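Have a look at the structure below before the remarks.
2 protein chains.
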Amino acid sequence: MSKPSPRDRLAEAAFALFDERGYEQTTVDEITERAGLGRTTFFRYYRSKEDVIFPDHDRLLALVRDRLLTSGRHTALAAVCDAVRLVLLHYLEEAGVARRRYALTSTVPALRDREIASVARYQRLFREFIAERMGERGEPASLRAELMAAAVVAAHNHVLRRWLRGQSPDPLREFEDAMRQVAALFAAHAAPGAGDGTTIVAFRTGQDLDALVPALRRVIEAPE
Amino acid sequence: MSKPSPRDRLAEAAFALFDERGYEQTTVDEITERAGLGRTTFFRYYRSKEDVIFPDHDRLLALVRDRLLTSGRHTALAAVCDAVRLVLLHYLEEAGVARRRYALTSTVPALRDREIASVARYQRLFREFIAERMGERGEPASLRAELMAAAVVAAHNHVLRRWLRGQSPDPLREFEDAMRQVAALFAAHAAPGAGDGTTIVAFRTGQDLDALVPALRRVIEAPE
DNA sequence: CCACCAACGGAACTTGATACCATAAATATG
DNA sequence: CATATTTATGGTATCAAGTTCCGTTGGTGG
Chain A
9 MSKPSPRDRL
19 AEAAFALFDE
29 RGYEQTTVDE
39 ITERAGLGRT
49 TFFRYYRSKE
59 DVIFPDHDRL
69 LALVRDRLLT
79 SGRHTALAAV
89 CDAVRLVLLH
99 YLEEAGVARR
109 RYALTSTVPA
119 LRDREIASVA
129 RYQRLFREFI
139 AERMGERGEP
149 ASLRAELMAA
159 AVVAAHNHVL
169 RRWLRGQSPD
179 PLREFEDAMR
189 QVAALFAAHA
199 APGAGDGTTI
209 VAFRTGQDLD
219 ALVPALRRVI
229 EAPE
Chain B
9 MSKPSPRDRL
19 AEAAFALFDE
29 RGYEQTTVDE
39 ITERAGLGRT
49 TFFRYYRSKE
59 DVIFPDHDRL
69 LALVRDRLLT
79 SGRHTALAAV
89 CDAVRLVLLH
99 YLEEAGVARR
109 RYALTSTVPA
119 LRDREIASVA
129 RYQRLFREFI
139 AERMGERGEP
149 ASLRAELMAA
159 AVVAAHNHVL
169 RRWLRGQSPD
179 PLREFEDAMR
189 QVAALFAAHA
199 APGAGDGTTI
209 VAFRTGQDLD
219 ALVPALRRVI
229 EAPE
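Written as structure tokens, this is what we have:
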């Protein structure tokens, strides 16, 4: 049983102290002291105090980007849903760290903000991917890309948070359901036109279409 | 012509220095020196260096919350669309500051993150409002609230960013269009089932409905 | 004229983060 | 095996943001 790496010792000391005294009440000096290492060493392994808690976000983001670029799915939205699953799986794998981190981000505003910022990077990646895939077809398509990216990320976060709070016995199943719901939002129609104020909504139902036409007509002709 | 308030003098000095040397290259000491005030005074008026750039986010958030709670709109989504318009209008009013701030948040990562974090607070407010208004009807409704809040915020940001980049001659019109598009996403149906896989999409168009029925039928009967 | 209150300034301190240099351990090289 | 060279680490000094505490000024009401 050889000693764990300095990096791991620092992380362990940090989390232990965060549990005992809280994040803001813990100084970097105290962390390095408990780990038996020098202050300089800490900043060699972690760019900042926050980085101890968010170690490999960059790596994961790169992974997701790769998955996007090599995806064989036909629609941009399907490719993104596919890619964001990687994020969820990553959290599920390191469940212990994820839950400790969640306890901290729920409590400490600075950490919450950081978490949000990193989520925004995924959203941006998705938005750019979708917009590019849809081929820069002007303004409404661009808004549509933005909405899709936001919806995918929101749905993912929803499932992830439920799992982190222990409210989800089967997060993967919830994830698939959520992605289906997102797909349903965007599935049936092209972007409504910037042109004539046309708004399109499509639907798929077991009922007979003819029976629904009158109701549809009311919707179409209603003001607002 | 009496002197402007210390608060304004500090803000002016800060923005001038940020333009000249950049945000990170400017120290608080330099700001107070140019403003002819003491360092202590700076932190009396602004909680942090970043606060000079984001002065009244709290006030605006409170304003939006009030508008939500006193809204007479029937659906939660309509109330939120209504409330988020306040944010856009606020930016349009102080166009000068908004554009200078945008130039900074586009450049400085720390400021971008802060901006994103404050946007997330609006999104959270909206999500909680919608979820509560929809009455805590279990899991799918909760996801739906999350998606709605994310869509409204994304659409707002999309329009705002276009305007900030000078790509939008009529931001209010674009805003209304965007909100219509968001409403269209969620308008026609209750949450698609957990139940029978029914997916509904509705539409509003200038074309005659009868002419579209065959096309609709194809959509409905197509597998996935 | 004096007591009081609010705004401002200054100095010291804490802490995260960086830069630079020194030293010990590991490894390569003759 | 001895010596050079890289690599990991520690220490010190320094900077800048942010906080605390206290002193000073200036106006206001008695």
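The listed protein sequences correspond, in order, to chains A and B.
Each residue of the first sequence is one higher than the last, beginning at 9 in the working numbering.
Each residue of the second sequence is one higher than the last, beginning at 9 in the working numbering.
Backbone N, C-alpha and C fix where the C-beta goes; we use that ideal spot for every residue, glycine too.
Just so we're clear, the structure is a prediction, and the values are computed from it rather than from any experiment.
Is it right to say residue i is buried, meaning 16 or more other beta carbons lie within 10 angstroms of its own, or is it exposed?
i, result
"PRO140 of chain B", "Inspection of the sequence shows that residue 140 of chain B is occupied by Glu rather than by Pro. Classification of GLU140 of chain B: exposed, given that the 10 Å Cβ count is below 16."
"LEU18 of chain B", "buried"
"THR78 of chain B", "exposed"
"ASP178 of chain B", "exposed"
"ALA125 of chain A", "buried"
"LEU97 of chain B", "exposed"
"SER56 of chain A", "exposed"
"ARG67 of chain B", "exposed"
"THR207 of chain B", "In this prediction, THR207 of chain B scores a pLDDT of 44, lower than 50, which makes its location untrustworthy; the coordinate-derived value is nonetheless stated afterwards. By the 10 Å Cβ count, THR207 of chain B comes out buried."
"ASP233 of chain B", "This structure gives no information on residue 233 of chain B, because the portion of chain B shown stretches from 9 to 232."
"GLU28 of chain A", "exposed"
Under 8 Å by Cβ, that's how I've got residue i and residue j pegged, so tell me the actual separation to the nearest angstrom.
i, j, result
"PRO14 of chain B", "THR48 of chain B", "With 8 Å as the limit, PRO14 of chain B and THR48 of chain B do not qualify as a contact, their Cβ atoms being about 11 Å apart."
"VAL194 of chain B", "LEU94 of chain B", "Reading off the sequence shown, one finds Phe at residue 194 of chain B, where the question assumed Val. Actually they do not touch by this definition, with Cβ atoms about 21 Å apart."
"THR113 of chain A", "ARG120 of chain A", "5 Å"
"LEU172 of chain A", "LEU69 of chain A", "About 20 Å; that fails the 8 Å criterion."
Between the options, which has its C-alpha nearest residue i's C-alpha?
i, options, result
"HIS164 of chain A", "A:PRO177, A:VAL36, A:VAL190", "A:VAL190"
"LEU180 of chain B", "B:LEU133, B:GLU144, B:VAL92", "B:VAL92"
"LEU71 of chain B", "B:TYR130, B:GLY174, B:ILE138", "B:TYR130"
"ILE61 of chain B", "B:VAL160, B:LEU155, B:PHE134, B:ALA111", "B:ALA111"
"PRO12 of chain A", "A:ALA43, A:GLY30, A:GLU32", "A:ALA43"
"MET187 of chain A", "A:GLY174, A:ARG170, A:MET156", "A:MET156"
"TYR54 of chain B", "B:TYR99, B:ASP16, B:ARG73, B:VAL105", "B:ASP16"
"ALA159 of chain B", "B:GLY104, B:ARG170, B:ALA192", "B:ALA192"
"GLY174 of chain A", "A:ALA103, A:GLU184, A:ASP185", "A:ALA103"
"LEU151 of chain A", "B:LEU76, B:GLU41, B:GLU28, B:ASP185", "B:ASP185"
"GLY30 of chain A", "A:HIS65, A:THR83, A:GLU41, A:ARG109", "A:ARG109"
"GLY146 of chain B", "A:GLU101, A:HIS65, A:ARG170, A:LEU76", "A:ARG170"
Which same chain residues, not among the five before or five after residue i, have their C-beta less than 7 Å away from its C-beta?
i, result
"THR115 of chain B", "none"
"ARG81 of chain B", "ALA87, ASP90"
"THR34 of chain B", "LEU25, PHE26"
"ILE39 of chain A", "LEU18, ALA21, ALA22, LEU25, PHE50"
"ALA153 of chain B", "ARG135, ILE138, ALA139, MET142"
"TYR99 of chain A", "ALA106, LEU168"
"VAL36 of chain B", "ARG47, PHE50, LYS57"
"HIS65 of chain A", "SER126"
Who are the near neighbours of residue i in its chain, counting only those whose CB is closer than 6 Å to its CB and skipping five residues on each side?
i, result
"GLU182 of chain A", "VAL167, SER176"
"ALA198 of chain B", "Low per-residue confidence applies at ALA198 of chain B: pLDDT is 48, beneath 50, and the placement is therefore not dependable, though the value from the model is reported in the following sentence. Closer than 6 Å at Cβ, skipping near neighbours: no residue."
"LEU83 of chain B", "In the sequence under discussion, the amino acid at residue 83 of chain B is Thr, which differs from the Leu named in the question. Cβ within range, chain order: n/a, list empty."
Excluding five sequence neighbours on each side, which residues of the same chain lie with their C-beta closer than 8 Å to the C-beta of residue i?
i, result
"LEU45 of chain A", "PRO14, ARG17, LEU18"
"VAL161 of chain A", "VAL92, VAL127, TYR130, GLN131, PHE134"
"GLU58 of chain B", "ALA118, LEU119, ARG122"
"PRO63 of chain B", "ALA19, TYR54"
Anything in the stretch 122-133 of chain A with a Cβ closer than 8 Å to a Cβ of chain B? List those residues in chain order, please.
-> For the stretch 122-133 of chain A, the set of residues with a beta-carbon nearer than 8 Å to any beta-carbon of chain B comprises ARG122, ILE124, ALA125, ALA128, in chain order.
For the stretch 25-36 of chain A, enumerate the residues whose C-beta is nearer than 8 Å to any C-beta of chain B, in chain order.
-> Within the stretch 25-36 of chain A, no residue has its Cβ closer than 8 Å to any Cβ of chain B.
Contact set between the stretch 150-162 of chain B and chain A, restricted to residues whose Cβ is under 8 Å from the partner | Under the 8 Å Cβ criterion, the stretch 150-162 of chain B contributes SER150, LEU151, ARG152, GLU154, LEU155, ALA157, ALA158, ALA159, VAL161, ALA162.
Interface positions of the stretch 87-121 of chain B facing chain A (Cβ-Cβ less than 7 Å), listed along the chain = Here the close residues are ASP121.
Contact list for the stretch 184-198 of chain A against chain B, Cβ threshold 8 Å = Flagged, chain order: ASP185, ALA186, ARG188, GLN189, VAL190, ALA192, LEU193, PHE194, ALA195, ALA196, HIS197.
Could you run through the stretch 164-181 of chain A and flag, in chain order, every residue whose CB is less than 7 Å away from some CB of chain B?
-> Cβ proximity to chain B below 7 Å picks out HIS166 from the stretch 164-181 of chain A.
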